[in-house]
Each structure stands twice: as structure tokens, then as C-alpha cells.
Amino acid sequence: MGYCLEKTRMDEILAELSGSFHIYGPRLDARKKKVRFGKITSVSQIVTDRQSDFSAKEVYYPISQVMFYFREDKVEVSELKDDRDILIFARACDLNAIRSLDHIFLKNGNAEDLFYSRIRSRVRFVLMECQESFEHCFCASLGTNRAEGYAMAVRFRDEDLLVQSCDEKLNSFFEKEKSADYEVRFVEENQKKLRIPEISRENLKQISDLPFWKKFDESCVSCSGCNTVCGTCSCFDTVDVVYDEGSNDGERRRVWSGCMLDDFTLTAGGSRARQTPGANMRFKLFHKFYDYKDRFGDGHMCVGCGRCDMQCPQEISFFDTVCELSDEINHMSEAKRGDM
Ligand code: SF4
Ligand code: SF4
């Protein structure tokens, strides 16, 4: 069941919904000329004609988040200041990306991560239909062009919107609207077709030792921009902030970090497990296309959103890197077969 709504009518419904929800969507940060997820009050604020530069993760996994307050000998767990639910207008790749964070934070051990789960449990998605595949997308190669579990779906048209509501809490907002036949459509093909590398326990060491990784020692500047925009990168650091010099009062924050940073593996005593940008790239690629799947059996971690390629100041394409590694592995296997 679907509905057809004028954009002005949808704005009125958004105003009604804002009584119960914080509503987010990809909007233009005019100062930085980047599209990132922010609060919206009108559908006209939602950028529909391009991929957003940032992913939706910063809504439910904040860049910086207080975990605890410590005061002399007492520790208090932080609390969320407001309890409104969250509605996010996002694309199929984003809905698939949150599945990865759910695995990392909710299903990765014996206990759920409190600081993630308490926000995550309030999040619902409005699926934004992709009318076209954008330049850097390769979601169809990974099956992340399709999504499930959304509370609403929307097709933006020039004058109006088609809406589908699949959530009890939202249905009542559309009861009086004009009904319309609306079946959600997904992009079926991208210009970019990913060649997925066959990485396994058997060839892992051989792939790790390839000279392939060395080229990134020259080109990558370890800025971690690719981690920042990625909806599936979940690494963080913890930082203690003491309020005053000599005081024992302060807070522990969790702050995003990233495997591509120079000092990501730095430990006390100055030792670093990975010493070069090439080693970091290898780690990232293995994580996106081997470790995650091996551990959770849930498809690959990368959802093919293409944001890392849009972001890299050195024009290093992760898409190309993955395809080239795939070719390297094929050559490796052919050479092995030739030796037999
Ligand atoms: S690795 Fe790149 S393409 Fe894959 S999900 Fe992250 S940002 Fe998107
Ligand atoms: S964005 Fe590019 S230069 Fe920066 S860490 Fe990632 S691959 Fe390296």
C-alpha cells in the first residue's frame, strides 16, 4: 500500500512526526560544500541527486560520545539526554551498512555495547529510493543495492512523493492521504562492477606478502578520511578529559579512530603492529573483504557506497584496489597451477 503526497503535505507530516522523532537526512553543509546527515524539517532539504559525502553512522554512532563521568572515587555511566526516536532518510547502502555496525557492537561477544544499543534501539529508516546509480557506486556487486527492514520508503519525484509506510507507529500519519500503487524499486546495476578477491585462510599469508601493498606507502597520506566517511568503519579510541589541572573530576569519551591512521596500532613503549600505509591498507581490505565475513558469515562488510573513493585526497580508489588485488590473486593461483 502506498500514498502520493505533495511535497508541502509531506512537510506538514514531517512537522507532526517531529513531535515523536528527531528526523535526519542527507543535507548540504553549505559552508563545507559537503553532503552529510543532519536534522531536516522539509523534504526540500534532502539532497537526492548525489551520494552523500558522509554516511548516516554519525547519527547513531556519534563522532565523540561521553561514556562515563568520574568524580574522585565515583564513576557514573552517562545518560542520554532525550528519549525521542530517530528517523533517518537514507539509501539502501546505508541500511546495509548499519547491519555491519550491529554485528560489531551488538553481536560481537557476550554483551551488547550499551552506548551503541541505547541509540540504535531508537533508530528507524526511511528508505530513499535510488533513481540512478552514482559515479562511484558498486553496491549491486555486493547485493547491497537492495534493503529490508525500513519503516518507510520514499520515491522523490519532481512535484510530489510516493510513500510506503511499513511501521505501526508511522501508519496513522498517512491514513488520510491519497493512496497510490507504489512498489519500491532498487537500482539493479552500477557502471562499476567489482571483482571480489578470493581470500581464504589458505592464501592469506601469501596475499599479505605480495609487493602489491607497497605502492600505498608512497601514495597514501594516512589521513583516515576513507574511514571517517565509511558507514561500516567502527573503530574508536577512548580519551579521558580531566576538567581542571590537579582535579580528579572528568569524563571518558569514545572518539572515532581509524585503521588507516599512522598511530592506530601504537602501544605503550612506542611499538606499532603495522608500520606502513601499505600495511594499513592491507588490514582495511582484509577486514572489509575477509575477516568480517569469516567471523559473522554475513556477506562482506563493504557495502559499495563509494564514499571512500569520493573522499580520498590522493585519489586512491578502494574500488580499483579491490579489483586489482582480485587480479593479483588470480595470477597467483594460475602461477601455482602452472607449477603443479
Ligand atoms: S569501504 Fe568504501 S565503498 Fe566500502 S562501505 Fe566503506 S566507504 Fe563504502
Ligand atoms: S583517504 Fe586516501 S590518503 Fe587518506 S587514509 Fe584513506 S586511502 Fe590513505
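Residue numbers are given in the working numbering: position 217 of the sequence shown equals residue 241, and the series is strictly consecutive. The beta-carbon is built from N, C-alpha and C at its ideal position, and this holds for glycine as well.
Asked	Found
Leu38 beta carbon less than 8 Å from that of Ser66	yes
Phe180 to Phe158 span [Cα, whole Å]	16 Å
Contacts around Lys308, its chain only, beta-carbon distance under 7 Å, and the 5 residues preceding and following it disregarded	Cys283 and Met284
Cβ-heavy atom distance, Cys254 to ligand 1, below 7 Å	yes
Integer Cβ distance of Cys154 from Arg115, believed to fall under 8 Å	6 Å
Heavy atom of ligand 1 within 7 Å of Arg60 beta-carbon	no
Secondary structure of Ile70, DSSP reduced to three states	coil
Inter-stretch contact at 8 Å, needing at least 3 Cβ pairs: the stretch 204 to 211 / the stretch 173 to 193	yes
Cβ pair His46, Arg108 closer than 8 Å	yes
DSSP state of Gln89 mapped onto helix, strand, coil	strand
Selection from Phe320, Phe343 and Gly321 that minimises the alpha carbon distance to Arg331	Phe343
Contacting residues, own chain, Cβ-Cβ under 8 Å from Thr236 (five flanking each side not counted)	Checking the displayed sequence, the identity of residue 236 turns out to be Phe instead of Thr. Result list for Phe236: Glu348, Leu349 and Glu352, in chain order.
Sub-8 Å separation of Ser232 and Asp261 beta-carbons	no
Proximity to Phe4 [Cα-Cα], best of Phe94, Val71, Lys131 and Asn354	No answer is possible for residue 4: the residues shown for the chain start at 25 and end at 364.
Closer than 7 Å: Gly249 CB and nearest ligand 2 heavy atom	yes
In DSSP terms, what Cys28 is bridged to	Leu186 and Lys202
Opposing strand residues paired with Trp237 [DSSP bridges]	According to DSSP, Trp237 bridges with nothing at all.
Best match in Lys58, Arg51 and Glu212 for proximity to Ile64 [C-alpha to C-alpha]	Arg51
Residue-chain proximity (Gly282, chain D), Cβ-Cβ < 8 Å	Looking at the structure shown, chain D is missing, and only one protein chain is on hand.
Met284 beta carbon near ligand 2 (any heavy atom closer than 7 Å)	yes
First through last residue of the beta strand (DSSP E) which encompasses Phe310	Run containing Phe310: none in the beta strand (DSSP E); it sits in the alpha helix (DSSP H), Pro301 to Phe310.
Expected contact under 8 Å - CB spacing of Leu119 and Phe149 to nearest Å	5 Å
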